[in-house]
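Chains A and B, in that order, give the protein sequences. The numbering of the first sequence is our numbering, which starts it at 263 and goes up by one. The numbering of the second sequence is our numbering, which starts it at 3 and goes up by one. By construction, the Cβ of each residue, glycine as well, lies at the ideal position given by its N, Cα and C atoms. Because the structure is a prediction, the values reported are computed rather than measured. Encoded as structure tokens, the structure appears first; notes follow it.
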Amino acid sequence: MSGEMSKRVTAGLALAAAVVLVRPAAAAEWAAVSEGTLSPHYASCVVEAGGVDAAMLACVTDEFERQGVRLDAAMDAALASFGPEAMAARAALEQAEIAWINYRARTCAFASALAAPGTRGVVAQFECMVELTAERAAWLLANVVDRNAAAP
Amino acid sequence: MRLATPILFAGLLALQSAAARAEPAPTGEMSPAYGTCMDAAGGVTHAMLDCIHAEIERQDAELNAIYGRAMENLAGLSDADVRREGLRNAERAWIAYRDATCAFLGTPFHLGTFESVLVADCVAQMTAERVRWLALHAFDPPLEFDLEPVRK
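What follows is the structure, encoded as structure tokens:
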């Protein structure tokens with residue numbers, strides 16, 4: 263458990279470093295970020311919220327903002343990781359990103375509709391957005407940045 | 003255009019209704035038969051593709067089955083029409099996202115990679131993940147998984 267905790271803290275620090283660097287070029291830094299998906303702030307915020315909808319809403323919207331920064335940085339790193347010979351792959355990635363954004367919107371609208379109406383539904387929608395955004399950033403790092411870095 | 007084949011194939015399968023071989027419980031994992039098939043393929047590309055296409059067929063059948071169950075389940079809830087339409091929209095957006103993502107993975111990053119295998123594997127893996135997502139998020143309470151150990 264404490265190993266898991268320290269892993270999360272390390273990932274959090276790496277995330278903070280990545281945000282400060284704005285556009286980190288090295289895939290190694292990103293490998294560290296991809297270890298942890300959700301921020302330590304989020305975990306402690308959820309515990310403190312104690313199931314109160316209004317408090318949970320603040321946690322999920324804050325985390326969504328953090329994950330948005332992380333995703334933007336991951337996408338920038340992904341696009342920057344292609345050589346000039348891979349223009350088709352870059353264009354295909356941009357197409358896939360548009361499809362992903364639509365998928366996230368539709369999926370999380372459904373998650374919201376399945377939950378109770380009102381604040382709970384909005385919390386469910388943001389929880390879904392946070393989860394999918396974090397997954398997408400990790401996916402971009404593993405399948406694009408790391409794959410390009412490992413290329414001969 | 004060898005890339006288009008698996009995607010088109012997956013798309014056609016997705017259009018078939020839930021009639022196909024439904025498992026009693028979703029696994030959300032690649033099937034044991036897939037691991038056996040891949041071991042026997044011994045790294046030969048066309049044999050691997052046969053294994054993956056068979057797995058896509060199995061995963062599509064699972065996805066269709068669980069999607070059908072989710073839609074049936076939603077029919078019994080309040081606001082059934084809105085919720086069912088939400089899931090239908092989410093599923094369409096997911097198919098577009100999966101196809102765009104797997105097409106991207108098949109666009110050459112570098113020379114000499116096994117794109118056709120990557121595309122087909124991507125479709126199979128993402129479909130299995132979608133089964134898992136639906137089981138966890140499209141039912142209240144979430145569906146139970148068949149937790150038998152699965153060979154990759």
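Residues of its chain near residue i, where Cβ-Cβ distance is below 7 Å and the 5 sequence neighbours each way are ignored
i              : result
residue 68(B)  : 28, 133, 136 and 137
residue 283(A) : Note that residue 283(A) has pLDDT 36, beneath the 50 cutoff, so the model's placement of it is unreliable and the number below is only indicative. Around residue 283(A): no qualifying Cβ.
residue 311(A) : 317, 318 and 321
residue 315(A) : 381, 382 and 385
residue 344(A) : 351, 352 and 410
residue 398(A) : 333 and 362
residue 89(B)  : 72, 73, 76 and 140
residue 122(B) : 8, 51, 54, 55 and 58
Alpha-carbon to alpha-carbon, residue j and residue i
i              : j              : result
residue 353(A) : residue 313(A) : 43 Å
residue 118(B) : residue 144(B) : 35 Å
residue 101(B) : residue 125(B) : 7 Å
residue 62(B)  : residue 99(B)  : 15 Å
residue 47(B)  : residue 409(A) : 20 Å
residue 111(B) : residue 403(A) : 15 Å
residue 347(A) : residue 400(A) : 25 Å
residue 54(B)  : residue 36(B)  : 7 Å
residue 360(A) : residue 96(B)  : 12 Å
residue 70(B)  : residue 373(A) : 17 Å
residue 127(B) : residue 303(A) : 31 Å
residue 233(A) : residue 45(B)  : Given a span of 263 to 414 for chain A in the structure shown, any question on residue 233(A) remains unanswerable.
residue 106(B) : residue 388(A) : 27 Å
From the options, residue whose alpha carbon lies closest to that of residue i
i              : options                           : result
residue 390(A) : 355(A), 405(A), 371(A) and 412(A) : 371(A)
residue 355(A) : 104(B), 90(B), 95(B) and 97(B)    : 104(B)
residue 50(B)  : 142(B), 141(B) and 120(B)         : 120(B)
residue 362(A) : 413(A), 325(A), 396(A) and 346(A) : 396(A)
residue 377(A) : 87(B), 108(B) and 140(B)          : 140(B)
Closer than 7 Å: residue i CB and nearest the ligand ZN heavy atom
i              : result
residue 306(A) : In terms of ligand content, the structure shown is empty, and the ligand ZN therefore cannot be addressed.
Chain-order list of residues whose beta-carbon lies under 6 Å from that of residue i (same chain, five-residue window excluded)
i              : result
residue 290(A) : Low confidence applies here, because residue 290(A) scores a pLDDT of 36, under 50, leaving its location unreliable; read the following figure in that light. Within the same chain, residue 290(A) has no close Cβ partners at all.
residue 415(A) : Absent from the model: residue 415(A). The displayed extent of chain A is 263 to 414, so no value can be given.
Beta-carbon contacts of residue i that lie in its chain and below 8 Å, excluding the five residues immediately before and after
i             : result
residue 85(B) : 76 and 79
Residues from the segment 351-364 of chain A in contact with chain B, defined by Cβ distance under 7 Å: Listed in sequence order: 351, 354, 355, 357, 358, 361, 362 and 364.
Beta strand (DSSP E) segments (min. 3 residues) lying fully within the segment 57-99 of chain B: For the segment 57-99 of chain B, not a single whole beta strand (DSSP E) run of length 3 or above is found.
Completely contained beta strand (DSSP E) runs for the segment 27-60 of chain B, where each covers 3 or more residues: The beta strand (DSSP E) runs of length 3 or more contained entirely in the segment 27-60 of chain B do not exist; there are none.
Contacting positions in the segment 83-96 of chain B - beta carbon closer than 7 Å to chain A: Hits within the stretch, in order: 84, 85, 88, 89, 91, 92, 95 and 96.
Contact list for the segment 363-396 of chain A against chain B, Cβ threshold 7 Å: Per Cβ criterion, the list reads 364, 365, 368, 369, 371, 372, 373, 375 and 376.
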